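K.L.:
Sharing a structure with you now.
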Amino acid sequence: MLLIRGGRLIDPVSRRDEIGHLVLEDGKVREVLTGDAPGGFQGKVIPAEGKWVVPGLIDMHVHLRDPGFEWKEDILTGTRAAAAGGFTSVACMANTHPVNDSPEVTRYIVEKARREGNANVFPVAAVTLGLEGKEMADFSELAEAGAVAFSDDGKPVENPLLLRRAMEYMRPFGYRILSHAEDPVLAGGGAAHEGWTARKLGIPGIPSAAEEVAIARDILIARQTGGKLHIQHISTRMGVDLLRMARRAGLDVTGETAPQYFTLTDAALEGYDTNAKMNPPLRGEDDRMAVLAGIQDGTIDAIACDHAPHEAYVKRCEFAAAANGIIGLQTSLPLSLALLAGGNISPSRIVELLSAGPARILGLRGKGTLAAGADADVTVIDPDAEWEFLPAEVVSKSGNSPFLGWKLRGRASAVLCGGRVRHSAMAGAAADA
């Protein structure tokens with residue numbers, strides 16, 4: 074048995090926010106206690122006084138690059154970065170090589186994660202074979218092999234009829250499509266948000282409408298089919314508004330944003346910093362504030378970092394030619410905790426966005442709660458820890474982050490998966506072998 078003692082227990086699912094103690098046994102939460110800590114406890118004790126004890130954090134949008142691009146990242150290093158950032162579970166996208174469009178690739182990911190992972194790994198399989206947008210993958214076989222959702226992330230499903238057929242097929246099974254909402258024709262090969270900064274720097278722009286038209290199309294197809302839809306990395310004001318309207322219409326449509334979209338604007342591109350190049354691009358201040366509003370009012374269901382590691386040379390080049398994407402697993406938690414400073418977002422809401430929300434969207438039973446009987450996936454957070462995100466802190470194989478050198482507040486003190494300590498930065502909680 075293991076006791077996490079004296080922490081602030083925050084669990085949005087059970088509406089708990091109080092000082093207490095958590096007893097873990099055989100990979101499950103055995104009981105939640107309040108009042109005095111149990112005396113004479115026979116087992117390992119993790120002192121959590123002054124810290125938050127929350128359901129294990131879940132990032133539902135991660136690129137582990139495995140199989141096929143292991144020089145960028147692999148399951149071992151990616152899950153180490155996840156654990157260091159406080160995450161007990163990640164959902165990995167299908168744009169690997171080979172693409173995760175077959176049960177064999179799905180099983181490879183599941184089995185390698187079981188052997189080497191420092192966090193739970195849930196594969197997201199492709200909607201179309203080879204991500205080519207021409208032929209549907211076999212969703213039932215992929216789900217049986219371990220896929221928890223389906224996405225052609227990295228690109229949209231361009232053919233609306235194929236998307237409709239996929240949603241119609243998935244509906245009886247309850248599968249959800251995660252949509253990279255972008256109209257590639259409108260995006261037109263741009264490299265930054267179409268606005269003042271792009272014009273000043275001479276960078277081809279991507280209009281907000283490229284995202285918004287695609288979101289609107291996908292929502293309408295979800296309405297037509299009754300399918301389950303999730304909109305990834307929402308970055309624009311109208312994108313948030315469209316999600317809000319879909320929810321009011323009673324559709325099963327959920328959405329996520331990433332820390333970069335509520336923390337940065339396209340002003341970060343000054344100096345042609347390719348570590349700030351991503352897709353969708355960083356937007357203007359009006360969009361950033363709209364994303365914050367969507368977080369505050371409950372429109373946005375999850376924060377997911379879109380962890381996209383790249384080797385240095387594909388970033389050290391002309392801006393327009395540089396690869397899109399940033400690493401984010403180690404900075405997602407502190408950047409999310411920074412939202413507390415505004416006073417309009419509660420600690421429980423942050424935990425919901427980083428844990429309960431993703432668990433609900435992906436249908437991860439036993440995750441996202443501290444209730445008795447739940448999986449013993451727990452994150453202990455020191456909300457007041459001050460630290461600097463230096464290159465030496467990077468656990469990922471790649472270092473492509475616009476937040477390098479930032480002074481941050483809040484980080485994971487201990488991370489437990491199935492009751493086993495996978496990451497520790499505190500006395501009394503050494504990582505298990």
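Using the numbering used here, you'd call the opening residue of the sequence shown number 74 and step up by one each time. Heads up, the beta-carbon is just placed ideally off N, CA and C, and yes, glycines get one too. Just so we're clear, the structure is a prediction, and the values are computed from it rather than from any experiment.
Among residues of its own chain, excluding the 5 on either side of G239, which ones have a beta-carbon nearer than 6 Å to its beta-carbon?
P.N.:
Your numbering for residue 239 matches position 166 in the sequence shown. It is worth fixing the name first, because residue 239 is Ala in this sequence and not Gly. Contacts found: V200, M209.
K.L.:
In three-state DSSP terms, what is I148?
P.N.:
Residue 148 sits at position 75 when you count from the first residue of the sequence shown. The DSSP-derived three-state label of I148 is helix.
K.L.:
How many angstroms separate the CA atom of A506 from the CA atom of V494?
P.N.:
Taking the first residue of the sequence shown as position 1, residue 506 is located at position 433. Taking the first residue of the sequence shown as position 1, residue 494 is located at position 421. Residue placement at A506 cannot be trusted, given a pLDDT of 49 that sits under 50; what the coordinates show is reported in the next sentence. Approximately 9 Å between the Cα atoms of the pair.
K.L.:
Suppose you measure from the CA of E329 to the CA of I368; what does that come to, to the nearest Å?
P.N.:
To locate residue 329, count along the sequence shown from 1; it is residue 256. To locate residue 368, count along the sequence shown from 1; it is residue 295. Per the coordinates, the alpha-carbon of E329 lies some 9 Å from the alpha-carbon of I368.
K.L.:
Got a sec, what are the start and stop residues for the beta strand (DSSP E) L75 sits in?
P.N.:
Mapped onto the sequence shown, residue 75 falls at position 2. 75–84 is the span of the beta strand (DSSP E), which, as asked, contains L75.
K.L.:
When the Cα atoms are used, what is the spatial distance from D99 to E184?
P.N.:
Residue numbering aside, residue 99 sits at position 26 when the sequence shown is read from its first letter. Residue numbering aside, residue 184 sits at position 111 when the sequence shown is read from its first letter. So the alpha carbons of these two residues sit roughly 21 Å apart.
K.L.:
Our contact map puts P171 next to E214 with C-beta atoms below 8 Å; I'd like the distance itself, whole angstroms only.
P.N.:
Here residue 171 refers to the residue found at position 98 when the sequence shown is read from its first residue. Here residue 214 refers to the residue found at position 141 when the sequence shown is read from its first residue. Rounded, the Cβ-Cβ distance is 15 Å, inconsistent with contact.
K.L.:
Report yes if the C-beta distance between P196 and S428 is below 7 Å; otherwise report no.
P.N.:
Translated into the one-based positions of the sequence shown, residue 196 becomes position 123. Translated into the one-based positions of the sequence shown, residue 428 becomes position 355. In this structure, S428 does not lie closer than 7 Å to P196 by Cβ.
K.L.:
Which runs of the alpha helix (DSSP H) fall wholly inside the region 321–398 and span at least 4 residues, in chain order?
P.N.:
Counting only runs of 4 or more, we get 332–336, 358–369.
K.L.:
Closest by CA to A186, which one among P420, G151, G79?
P.N.:
Along the sequence shown, read from residue 1 onward, the residue named residue 186 stands at position 113. The shortest C-alpha separation from A186 is found at G151.
K.L.:
Report the option in V451, I77, I92, G491 whose CA atom is closest to the CA atom of G116.
P.N.:
To locate residue 116, count along the sequence shown from 1; it is residue 43. Restricting attention to V451, I77, I92, G491, the CA atom closest to the CA of G116 is found in I77.
K.L.:
State the DSSP-derived secondary structure class of P280, mapped to helix, strand or coil.
P.N.:
The residue labelled residue 280 in the question sits at position 207 within the sequence shown. Note: P280 maps to coil in three-state DSSP.
K.L.:
Can you check DSSP and say which residues form a bridge with T201?
P.N.:
Translated into positions along the sequence shown, residue 201 becomes position 128. Its beta-bridge partners are M209.
K.L.:
Going by beta-carbon coordinates alone, are A220 and A198 separated by less than 7 Å?
P.N.:
Locating residue 220 in the sequence shown gives position 147, counting from the first residue. Locating residue 198 in the sequence shown gives position 125, counting from the first residue. In this structure, A198 lies closer than 7 Å to A220 by Cβ.
K.L.:
Which first and last residues belong to the beta strand (DSSP E) in which S162 is found?
P.N.:
Against the sequence shown, residue 162 aligns to sequence position 89. Unbroken beta strand (DSSP E) run through S162: 160–165.
K.L.:
At which residues does the alpha helix (DSSP H) containing I182 begin and terminate?
P.N.:
Reading the sequence shown from its first residue, position 109 is the one you call residue 182. From DSSP, the alpha helix (DSSP H) with I182 extends over 176–189.
K.L.:
Rounding to the nearest angstrom, what Cα-Cα distance links R89 and T452 in this structure?
P.N.:
If you number the sequence shown from 1, residue 89 lands on position 16. If you number the sequence shown from 1, residue 452 lands on position 379. The alpha-carbon atoms of R89 and T452 are separated by roughly 15 Å.
K.L.:
Any idea what DSSP makes of A506, helix, strand or coil?
P.N.:
Residue 506 sits at position 433 when you count from the first residue of the sequence shown. Summary for A506: the model assigns pLDDT 49, below 50, so the residue's position carries little reliability; its value from the coordinates is reported in the next sentence. Coil.
K.L.:
Can you tell which of L251, A283, L234 has its C-alpha closest to the C-alpha of V258?
P.N.:
Residue numbering aside, residue 258 sits at position 185 when the sequence shown is read from its first letter. Cα-wise, what sits closest to V258 is A283.
K.L.:
Looking at the secondary structure, which residues open and close the alpha helix (DSSP H) in which T270 lies?
P.N.:
If you number the sequence shown from 1, residue 270 lands on position 197. Segment 269–274, the alpha helix (DSSP H) holding T270.
K.L.:
Does DSSP classify L302 as helix, strand or coil?
P.N.:
Residue numbering aside, residue 302 sits at position 229 when the sequence shown is read from its first letter. L302: strand per DSSP, three-state reduction.
K.L.:
Only counting runs of 4 or more residues, tell me where the alpha helix (DSSP H) segments fall wholly within the region 220–246, in order along the chain.
P.N.:
233–243
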